[in-house]
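This report refers to the structure that appears directly beneath it.
Residue numbers (my numbering), protein chains in the order written: chain P, 1114 to 1379; chain W, 3 to 285.
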């Protein structure tokens, strides 16, 4: 190894180390604070304790908000998976003009400011007469989850060999059976990863949800921000640590299914 | 196996599968956005640009636009300075280090902005990690509070958006053949010349897309400035949110929302155009 190579190796390590520490700081700080005994975010904590986790049960509004978020995320992800997969099939298999435009359109909610989408929807729903908070949240969150599904399933479908379906039919499968036994298993990893990221995006969304919540129906991020503004204490760190755990679970599943490097594809 | 030839491109029955998603988004997303846009240009007596004129004639609003663009520019610069070398480190790292880096890039992406911004509230305190580290390194004489300062906001936002800079650059860096640079060296090019004439042009598409991502997200961020700098510092986004949720001033809110929308769309369109131009030149 030449001197230059060794130096460049050290430079790589240094940059990599700095990046890892910088990126992980918020997550590690959150977890450390949540297990600390101090009320004032002292780091490192003077003593370890589970008191903030014990206090979670007594947090007013936490469980309802968590339930609303989980339900909205689950239902909107399910709807997005159906709508998104149908649309992805049309985009990959169809031969009609404007496919490029349609796919850009479907992914565009990811690129526009959530706040502006939220305001437009708020006024749009009002005009259409949609006033129910829960329904509005659901309708809005499908817009958040759909892009993730379309993007990933289009990617997976363009690698799928459709002649396999014909092969299955030649071997005596009916068309629906061929679809469920050949196409669905082939797309399963795409469904799971896109579903997971769509679910997390819905769980974490703040700027769109904030226009559709009221005093009774709140999503978790809205409720959390309210805690932060009212009385910031490490209980919020305990909730955050739970969400970090959820993200870790999602990452492990994603790694098992498609591999970390695929997840990093942009 | 003969596939049925569609008699006309428009009558391809497969196209119908796209209809539910497209109609859904048209109704609940595209039309409302369009309507917001049209309404902001319509006064009681027909088409008008009066709201924009009165918005821009107020020096306070110019400061808001200035704040938005300045902070977004700084966040983009910080993300680029860290993200560009980090993308190379990620591409050149050994297997284990690469996995550690990938995890630390992807994991924060799956955690919401509220969680991370709250963590930065702790990090940026007077007794927070940043302050302690800088004092420890001897760079600062005494602990300082970075929370509720512009520097703190830039630092926190850059941290949250950094993955969106690293990943697009990484996606082009990993395709570069390292032998290209060696070939340049063999031909007698200096390292600087090799960088500006070989590496930089090849990574330009990744840079364009990373910069566009980070800049547009920084322009429209809402939760991060609300938590890290507070009400005294307004950006287009926080002003929009405030005018709808607190001030109940829908006129002002719609105006700033449309300005934000136009900014975001022009960044997306501009970067796509730029990426296509660069792509066209290098092939």
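Every residue, glycine too, gets a C-beta built ideally from N, C-alpha and C.
All values derive from a computational prediction rather than experimental measurement.
Would residue i and residue j qualify as a contact pair, given that the criterion is a beta-carbon distance under 9 Å?
i, j, result
"residue 1187 of chain P", "residue 1312 of chain P", "yes"
"residue 1209 of chain P", "residue 24 of chain W", "no"
"residue 238 of chain W", "residue 77 of chain W", "no"
"residue 97 of chain W", "residue 1129 of chain P", "no"
"residue 162 of chain W", "residue 204 of chain W", "no"
"residue 1227 of chain P", "residue 1318 of chain P", "yes"
"residue 1204 of chain P", "residue 1262 of chain P", "no"
"residue 1365 of chain P", "residue 91 of chain W", "no"
"residue 85 of chain W", "residue 272 of chain W", "no"
"residue 1377 of chain P", "residue 104 of chain W", "yes"
"residue 1266 of chain P", "residue 1304 of chain P", "yes"
"residue 1358 of chain P", "residue 1306 of chain P", "no"
"residue 171 of chain W", "residue 89 of chain W", "yes"
"residue 106 of chain W", "residue 1143 of chain P", "no"
"residue 1165 of chain P", "residue 1360 of chain P", "no"
"residue 1333 of chain P", "residue 1181 of chain P", "yes"
"residue 167 of chain W", "residue 215 of chain W", "yes"
"residue 53 of chain W", "residue 45 of chain W", "yes"
"residue 37 of chain W", "residue 1233 of chain P", "yes"
Quick check on the burial criterion: 16 or more other C-beta atoms within 10 angstroms. Buried or exposed for residue i?
i, result
"residue 157 of chain W", "buried"
"residue 1241 of chain P", "exposed"
"residue 6 of chain W", "Bear in mind that a pLDDT of 47 at residue 6 of chain W, under 50, signals an unreliable position, so the model cannot answer this."
"residue 62 of chain W", "exposed"
"residue 1344 of chain P", "exposed"
"residue 49 of chain W", "exposed"
"residue 1239 of chain P", "exposed"
"residue 1123 of chain P", "exposed"
"residue 1309 of chain P", "buried"
"residue 190 of chain W", "exposed"
"residue 246 of chain W", "buried"
"residue 1127 of chain P", "exposed"
"residue 74 of chain W", "buried"
"residue 284 of chain W", "Note on residue 284 of chain W: pLDDT 49, under 50, position unreliable in the model; no value is reported."
"residue 261 of chain W", "buried"
"residue 112 of chain W", "buried"
"residue 3 of chain W", "Confidence is the limiting factor: at residue 3 of chain W the pLDDT is only 41, short of 50, which leaves the residue's position unreliable and the question unanswerable from this model."
"residue 59 of chain W", "exposed"
"residue 1230 of chain P", "buried"
"residue 9 of chain W", "Reliability fails at residue 9 of chain W, whose pLDDT of 47 lies under 50, so the model's placement of it is uncertain and the value that follows must be treated cautiously. So residue 9 of chain W ends up on the exposed side."
"residue 1153 of chain P", "exposed"
"residue 1374 of chain P", "exposed"
"residue 1119 of chain P", "exposed"
"residue 2 of chain W", "There is no way to answer for residue 2 of chain W, as the model of chain W reaches only from 3 to 285."
"residue 1254 of chain P", "buried"
"residue 127 of chain W", "buried"
"residue 115 of chain W", "buried"
"residue 1446 of chain P", "The structure shown does not extend to residue 1446 of chain P, since chain P spans only 1114 to 1379, so no value can be given for it."
"residue 1163 of chain P", "exposed"
"residue 1335 of chain P", "buried"
"residue 1367 of chain P", "buried"
"residue 19 of chain W", "buried"
"residue 330 of chain W", "This structure gives no information on residue 330 of chain W, because the portion of chain W shown stretches from 3 to 285."
"residue 173 of chain W", "buried"
Taking the alpha helix (DSSP H) that residue i belongs to, which residues open and close that run?
i, result
"residue 1206 of chain P", "1175 to 1206"
"residue 156 of chain W", "152 to 175"
"residue 246 of chain W", "238 to 247"
"residue 144 of chain W", "Taken as a continuous stretch (DSSP letters only), residue 144 of chain W belongs to no alpha helix (DSSP H), as it is neither H nor E."
"residue 86 of chain W", "61 to 94"
"residue 1299 of chain P", "1297 to 1317"
"residue 114 of chain W", "Where residue 114 of chain W is concerned, there is no enclosing alpha helix (DSSP H), given that its DSSP letter is neither H nor E."
"residue 1369 of chain P", "1347 to 1371"
"residue 1340 of chain P", "1333 to 1343"
"residue 202 of chain W", "202 to 222"
In the DSSP output, which residue or residues are listed as bridge partners for residue i?
i, result
"residue 49 of chain W", "W:44"
"residue 1149 of chain P", "P:1161"
Proximal residues, the stretch 1185 to 1205 of chain P versus chain W, C-beta separation under 7 Å: 1196, 1197, 1199, 1200, 1202, 1203 and 1204
Members of the stretch 244 to 256 of chain W near chain P, C-beta cut-off 9 Å: 246, 247, 252, 255 and 256
Interface positions of the stretch 1318 to 1332 of chain P facing chain W (Cβ-Cβ less than 9 Å), listed along the chain: 1318, 1319, 1320, 1323 and 1324
Near-chain P residues of the stretch 35 to 56 of chain W - C-beta to any C-beta below 9 Å: 35, 36, 37, 38, 39 and 41
Chain W contacts from the stretch 1136 to 1156 of chain P (Cβ-Cβ distance under 8 Å): 1136, 1137, 1138, 1139, 1140, 1142, 1143, 1146, 1154, 1155 and 1156
Contact residues within the stretch 110 to 131 of chain W, judged by C-beta distance below 8 Å to chain P: 110, 112, 113, 114, 115, 116, 117, 118, 120, 121, 122, 123, 124, 125, 127, 129, 130 and 131
Within 8 Å of chain W by C-beta, residues of the stretch 1335 to 1347 of chain P in sequence order: 1337, 1338, 1341 and 1345
Chain W contacts made by the stretch 1166 to 1186 of chain P, where a contact means CB separation under 7 Å: none
Near-chain P residues of the stretch 134 to 162 of chain W (beta-carbon distance less than 7 Å), N- to C-terminal order: 161
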